[in-house]
Amino acid sequence: MKGWIVLGLVLGGFVVPCRAQHERTRQALEAINPAAVEDAVADMRRRWPDHTFALPAQLATRRAAALERLRQQPDAAAVAAATGLISEVRAALLALPALQDARFLLIKRNLADLALPNNWDNVRGVRKHLTNEIVIATFKRGEPQVQPCIRPRRPTDYLGELSLHWDARRLLFSSQNEQGLMRVYEVDLAQPDRFIERAQIPDLDVDNLAGCWLADDATLFLSTATMIGVPCVRGSSHIYHLYREDASGIRRLTFDQEHNWYPRMLPDGRVLYLRWEYSDIPHYVARILFTMNPDGSGQREFYGSNSYWP
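Here the sequence shown is numbered in the working numbering, starting from 1 and rising by one per residue.
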């Protein structure tokens, strides 16, 4: 997978800028965490001792002073001083050697509509009237360079849930088919306009999405084929379960009244996935992050218990 990095990052800032330069500068300055910047530069120095990495001098003190100046005297000079400090921080972090030759696959969406579902739902309720595309970004000590890669077949179709194959040439993603149902598609990045729908569960009342490559070239995906709902919101929160697709066919892996979402393969070969239980906290077995083996066995809680970010 050399040269490629896949992120679920939303580049909203490229679509809808802030109303005023002063406000944009203040927000950017407030977002800087001096301790985190110092830790990042220290880590780069340890990992790449032959490189020189500049850390902005007295970052915490200068940031506090620049913020106070923006509050007390919000003129062009204050904005210029703050912008200069922000540029120093960006230059320090973008000096990461791993960024210089890497290409990032990103989802670009309008900041006003990020298509972020509730914890009890999935993209079923947020997949309409979007402005999104899959883009390639590069970072070389400056502003990110973004170029289009995959556009939806219809302007407002959903694109999401990226999974790059280990050969760095094939990509799985979710989008709608002609009937408006969610399906998993595969593209060769050399021919990104050729969408190949994966032959999964074709029923016209079923959504399939969130494909995930496994080490043996099999895939996992989510599906509503079990036709399970919940006894509220008129049952409209359709439960997604994990399925495995390989040469032998398709097999269901999870059997519960829970959402099972966003499978990803861990370095040790296990599958990490997210759960949401309808009964939530009253369940004595409630856990949020789970792992299992690629064949569905060994389902158990992941480190961190009920934390999304262990």
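Glycine included, every Cβ here is placed at the ideal spot set by N, Cα and C. This one's a predicted model, so the numbers in the text were calculated from it and none came from an experiment.
Reference residue i, options the options, closest by Cα
{"i": "A57", "options": "L130, H51, L189 and V37", "result": "V37"}
{"i": "H241", "options": "S248, A225 and A247", "result": "A225"}
{"i": "D205", "options": "D216, G160, R183 and C149", "result": "R183"}
{"i": "R251", "options": "I239, I288 and F221", "result": "F221"}
{"i": "V324", "options": "D203, A168, E301 and V271", "result": "Given that the chain is displayed from residue 1 to residue 310, the structure contains no residue 324 and the question cannot be resolved."}
{"i": "E161", "options": "C149, V271 and Y185", "result": "Y185"}
{"i": "D43", "options": "R62, A60 and P97", "result": "P97"}
{"i": "L214", "options": "R287, D246 and D39", "result": "D246"}
{"i": "P294", "options": "L172, W166, T219 and A78", "result": "T219"}
{"i": "W276", "options": "M227, D268, W261 and R270", "result": "W261"}
{"i": "F195", "options": "H238, R151, V89 and K128", "result": "R151"}
{"i": "R270", "options": "T254, I288 and G296", "result": "G296"}
Sub-8 Å separation of residue i and residue j beta-carbons
{"i": "Q176", "j": "D157", "result": "yes"}
{"i": "V41", "j": "A92", "result": "yes"}
{"i": "P144", "j": "E133", "result": "no"}
{"i": "G229", "j": "H238", "result": "yes"}
Through-space distance from residue j to residue i, alpha-carbon basis
{"i": "I86", "j": "L29", "result": "6 Å"}
{"i": "L164", "j": "C232", "result": "36 Å"}
{"i": "L114", "j": "S174", "result": "15 Å"}
{"i": "N118", "j": "R244", "result": "25 Å"}
{"i": "D216", "j": "M292", "result": "16 Å"}
{"i": "A102", "j": "Q191", "result": "20 Å"}
{"i": "L266", "j": "P34", "result": "31 Å"}
{"i": "E197", "j": "Y303", "result": "35 Å"}
{"i": "P74", "j": "R63", "result": "15 Å"}
{"i": "R71", "j": "A112", "result": "27 Å"}
{"i": "L274", "j": "Q299", "result": "12 Å"}
{"i": "L105", "j": "A137", "result": "7 Å"}
{"i": "E68", "j": "A77", "result": "13 Å"}
{"i": "Q21", "j": "M227", "result": "50 Å"}
{"i": "V10", "j": "D193", "result": "In this predicted model, V10 has a pLDDT of only 39, less than 50, meaning its place in the structure is not dependable enough to derive any value."}
Rounded Cβ spacing between residue i and residue j (contact assumed at less than 8 Å)
{"i": "F53", "j": "L94", "result": "Not quite, the Cβ-Cβ distance comes to about 11 Å (not below 8 Å), so this is no contact."}
{"i": "C212", "j": "R264", "result": "6 Å"}
{"i": "L159", "j": "I201", "result": "About 20 Å; that fails the 8 Å criterion."}
Contact test: residue i Cβ vs the ligand MN heavy atom, cutoff 7 Å
{"i": "S248", "result": "The ligand MN is absent from the structure shown, which contains no ligands of any kind."}
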